[in-house]
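Numbering (our numbering), first residue to last: 3 to 195.
These notes concern the structure reproduced below.
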Amino acid sequence: MKIGLYFGTFNPIHVGHLIIANHMAEHSDLDQIWMVVTPHNPHKKKSTLLDDHHRLQMVHLATEAFPKIKPSDIEFKLAQPNYTVNTLVHLEEKYPQHEFSLIMGEDNLKSLHKWKNYEVLLKNYDIYVYPRISSEAENLEFKNHPGINIIDAPVVEISSTFIRNNIKEGKNIQPLLSAKVWEYIDHNLFYKK
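So this is what it looks like as structure tokens:
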């Protein structure tokens, strides 16, 4: 089976994540999309994150109606901070029957050269890239690499930061979250402070 790995802190998971994941599941050669909940992104402050189990639970709630999209806590068991290349090695050992690929936004492709062992990622894995609106001049040095697949997915500009800030300000952001995720956040009073 060909698995697309969609990494994120998902703090919280929102409809934009689901639109991209579902588009990849339905409009590419990927059989399943695994939403890999990252305990600690090396490029983000850990103090702003909800506990790992809450973010994983929200991914479970958001994806339960999508049979091709699965939550994954694989990085919870690995050394932190998490590096994609280490996670891929672990997944290949644990699931040798699967072929793994990466899913990332154009913004991440632009900074791929800063990732740990990015040459290994480019050499050994297909990378599926979805579009992002960017104010920077297009500088995609890897765009024509044979392992890069640019997918004509919808451009979704919703951010978890925007959602957290709006919840803190008491604004209604329900349309940006699946109903069960909104209920979970509201019930637990997350992001209020």
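C-beta: ideal position from N, C-alpha, C; glycine also.
- Less than 8 Å divides the Cβ of residue 102 from the Cβ of residue 90.
- Taking a C-beta distance under 8 Å as the contact criterion, residue 15 and residue 155 do not qualify as a contact pair.
- Leaving aside the five residues that flank residue 74 on each side, the residues in its chain whose CB is nearer than 6 Å to its CB run, in chain order, 36 and 38.
- About 6 Å separates the beta carbons of residue 107 and residue 132, which is inside the 8 Å limit, making them a contact pair.
- For the 8 Å CB-CB criterion, residue 165 and residue 8 do not form a contact.
- Counting C-beta atoms within 10 angstroms of its own C-beta, residue 189 has fewer than 16 neighbours from the protein chains shown and is therefore classed as exposed.
- In its chain, beyond the 5 residues on either side, 73 have a beta carbon closer than 8 Å to the beta carbon of residue 62.
- Non-local beta-carbon contacts of residue 135 in its own chain, meaning distances under 7 Å to residues more than five positions away in sequence, involve 157 and 159 in chain order.
- Taking the C-beta atoms as reference points, residue 110 is found no nearer than 8 Å to residue 41.
- Non-local beta-carbon contacts of residue 175 in its own chain, meaning distances under 7 Å to residues more than five positions away in sequence, involve 165, 168 and 169 in chain order.
- For residue 149, the three-state secondary structure derived from DSSP is coil.
- With contacts defined as CB atoms closer than 8 Å, residue 76 and residue 55 fail to qualify as a contacting pair.
- For residue 185, the enclosing alpha helix (DSSP H) stretches over residues 181-190.
- When secondary structure is reduced to three states using DSSP, residue 6 falls in the strand class.
- For residue 60, the closest alpha carbon among the candidates 145, 195, 10 and 6 is that of 10.
- Where residue 96 is concerned, the enclosing alpha helix (DSSP H) starts and stops at 86-96.
- Taken through DSSP and simplified to helix, strand or coil, residue 162 comes out as helix.
- Taking C-beta atoms as the reference points, residue 32 and residue 26 count as a pair closer than 8 Å.
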